[in-house]
Amino acid sequence: MGSVLGVCSLASWVPCLCSGASCLLCGCCPSIKNSTMTRLVYAFLLFLSTLVACIMLIPGMEKQLNKIPELCEKGTHLMHHGYNCDMLVGYKAVYRISFAMFVFFFIFSLSMLNLKTSRDPRAYVHNGFWFFKVAAIIGIMVGAFYIPEGSFTRAWYIIGATGAFCFIVIQLVFLVDFAHSLNESWVGKMEEGNSRCWYAALLSVTGLSYILSAVSVVLFYIFYTMPDDCAMNKFFISFNMILCIIVSIISILPKVQEHQPQSGLLQSSLITLYTMYLTWCAMSSEPDRTCNPSLLNLMSQIIAPTVSSANQTIINVTPAPPKSLQWWDTQSIIGLILFVLCLLYSSIRSSSNSQVNKLTLSSSERVMLDDTVGSSDEETGVRRAVDNEKDCVQYNYSFFHFMLALASLYIMMTLTKWYSPDADLKTITSTWPAVWVKISSSWVCLLLYVWTMVAPIILSNRDFS
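Numbering (this note's numbering), first residue to last: 73 to 537.
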């Protein structure tokens with residue numbers, strides 16, 4: 073009897089898996105907008121693929137992945153250097169999983185171009201048919217593992233680095249939007265009452281961000297530079313520090329404040345902290361271990377002098393080649409946290425004045441943002457979903473899918489630590505192209521932020537409110 077009820081319960085979900093995302097809500101879920109629920113489901117699909125990619129890097133999975141002949145060919149020259157297929161198949165599996173997610177979202181991005189109204193048949197495909205979408209993702213993933221190696225990894229590494237660079241810039245847009253929203257909200261509450269409390273909060277966040285940035289600069293000079301070496305790192309640290317100071321000064325100029333009242337040190341402090349993070353990511357990706365000390369090398373520097381002083385001999389501590397490649401270092405963990413936060417923020421953020429919606433909406437689509445129609449359960453009367461796309465879409469479907477496609481590439485590069493799992497021993501370690509991608513992304517981020525401040529001054533005939 074229980075099995076019959078279970079089958080009936082499962083059968084009741086089949087129509088739901090082919091309908092809108094709001095049908096996936098349970099009775100205990102709070103009211104939520106249809107457009108928000110749809111974006112959360114797509115974000116959840118990308119998050120699940122990220123978990124699958126992480127599983128591919130778990131120690132022990134290489135035994136199963138080695139059974140796939142396309143991932144690694146036995147007998148390569150890597151085995152003579154202490155590296156074998158066990159060290160490569162995990163990264164190559166991540167490449168194929170990310171390839172599948174990119175193809176899925178990129179196809180949707182192309183198919184949703186120039187979609188203006190929710191009555192378009194393509195809108196029904198975007199907001200429903202979840203069973204078939206999951207089946208399509210699984211099918212593409214399985215097919216990706218049968219792609220011959222050849223030059224696939226090398227080509228996909230270049231595409232992944234480019235897409236990850238673009239997603240890092242999109243992260244800046246989210247960060248600027250969050251800072252503007254936070255500043256606007258706290259300033260508004262300061263004007264309403266209890267101004268001391270909100271002013272203290274505003275000052276604390278701004279001061280803490282600048283303090284962390286200053287501490288980061290000091291630590292960078294200590295651990296990533298040497299008195300007679302590491303000139304490139306010294307340039308990266310000094311140049312970005314000077315740029316951040318200039319950006320902070322620009323944000324409080326009277327002319328900027330006149331045309332952009334929301335601009336202030338809060339946004340500049342967060343941008344400065346984010347720039348320091350990108351600078352650290354760039355330096356920690358350098359292949360030269362002299363200027364990029366890993367944790368093992370730092371421990372060697374501490375242990376070696378102690379042992380030599382005790383034995384009155386000099387001992388050279390040379391770390392053995394790693395037995396397996398892992399992704400769970402500090403840089404990767406922070407990168408994943410930023411990815412999750414940006415993905416959730418882009419899915420939940422719905423204010424028509426936000427930078428996110430300005431990025432994803434055209435001017436003609438923005439007029440219907442306040443048109444919402446509520447739906448309720450006739451028996452309980454509880455509002456579970458709000459149809460806010462009755463007459464017009466609430467966000468650009470095509471750009472949203474394109475952003476998720478870039479996010480899948482960013483995840484690929486983060487999990488593989490921007491290494492190229494190629495048939496060349498040198499690409500197993502960090503590469504200089506990855507360094508320049510990250511450091512140049514910090515400069516592009518600062519340039520974009522400066523443009524958001526000076527654009528109202530330069531383009532005075534346009535409305536930036």
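All residues carry an ideal CB built from backbone N, CA and C; glycine is no exception. No experiment lies behind these values; they were computed from the predicted model shown.
query                                                                                                               : result
Nearest-angstrom Cβ-Cβ length linking Arg194 and Ser419, presumed shorter than 8 Å                                  : Rounded, the Cβ-Cβ distance is 20 Å, inconsistent with contact.
Buried/exposed call for Thr249, threshold 16 Cβ in 10 Å                                                             : The residue you asked about is not Thr; residue 249 is Asp in the sequence shown. Per the 10 Å Cβ criterion, buried.
Nonlocal neighbours in the same chain, by C-beta distance under 6 Å from Ala165, ignoring five residues either side : Met128, Leu137
Whole-Å CB distance - Ile317 paired with Tyr521, under 8 Å assumed                                                  : Rounded, the Cβ-Cβ distance is 14 Å, inconsistent with contact.
Run of the alpha helix (DSSP H) containing Lys261, from where it starts to where it stops                           : 224-264
Minimum C-alpha distance to His473 - residue among Thr108, Leu416, Val319, Ser181                                   : Ser181
Minimum C-alpha distance to Thr225 - residue among Pro131, Leu410, Leu160                                           : Leu160
Inter-residue Cα distance where the pair is Phe239 and Arg534                                                       : 27 Å
Lys139 to Ala233 span [Cα, whole Å]                                                                                 : 28 Å
Rounded C-alpha distance that separates Leu315 from Leu518                                                          : 8 Å
Pro528 to Pro326 span [Cα, whole Å]                                                                                 : 13 Å
Cβ distance (whole Å) where Met525 is taken to contact Val328 below 8 Å                                             : 5 Å
Simplified DSSP state of Pro528, which is helix, strand or coil                                                     : helix
Cβ-based burial, Arg421 [other Cβ within 10 Å; buried from 16]                                                      : buried
Buried/exposed call for Trp352, threshold 16 Cβ in 10 Å                                                             : buried
For Met485, three-class secondary structure by DSSP                                                                 : helix
Cβ-Cβ separation, Ile231 to Leu481 (assumed contact under 8 Å), whole Å                                             : 7 Å
Length of the line joining the Cα atoms of Lys489 and Lys261                                                        : 42 Å
Tyr296 classed as buried or exposed, judged by whether at least 16 other C-beta atoms fall within 10 angstroms      : buried
Which of helix, strand or coil DSSP assigns to Asn533                                                               : coil
Separation of Phe246 from Arg438, as counted between CA atoms                                                       : In this prediction, Arg438 has a pLDDT of 44, which is less than 50 and means its spatial position is unreliable; what the coordinates show is noted afterwards. Looking at the two C-alpha atoms, the distance is approximately 19 Å.
Local Cβ density within 10 Å of Met172, reported as buried at 16 or more and exposed below that                     : First, the amino acid is wrong: residue 172 is Ala here, not Met. Buried, by the Cβ-count rule.
Alpha carbon of Tyr491 to alpha carbon of Phe116, nearest angstrom                                                  : 26 Å
In DSSP terms, what Met128 is bridged to                                                                            : In DSSP, Met128 forms no bridge with anything.
First and last residue of the uninterrupted alpha helix (DSSP H) at Asn312                                          : 303-323
Ile511 burial status per 10 Å Cβ neighbour count (16 or more: buried)                                               : buried
Three-state class that DSSP yields for Met298 in the structure shown                                                : strand
Segment limits, alpha helix (DSSP H) that includes Ile219                                                           : Looking at the DSSP string, Ile219 is not in any alpha helix (DSSP H), and its letter there is neither H nor E.
Secondary structure of Phe177, DSSP reduced to three states                                                         : helix
Cβ neighbour criterion (16 or more within 10 Å) applied to Ala506                                                   : buried
For Tyr163, three-class secondary structure by DSSP                                                                 : helix
Boundaries (first-last residue) of the alpha helix (DSSP H) holding Tyr47                                           : This structure leaves residue 47 out entirely; the chain is present only between 73 and 537.
Straight-line gap, Ala251 to Ile406 (C-alpha atoms, nearest Å)                                                      : 19 Å
Exposure of Asn266, with buried meaning 16 or more beta-carbon neighbours within 10 Å                               : exposed
Unbroken alpha helix (DSSP H) run spanning Ile343, endpoints                                                        : 337-355
Element boundaries [alpha helix (DSSP H), containing Val412]                                                        : 402-420
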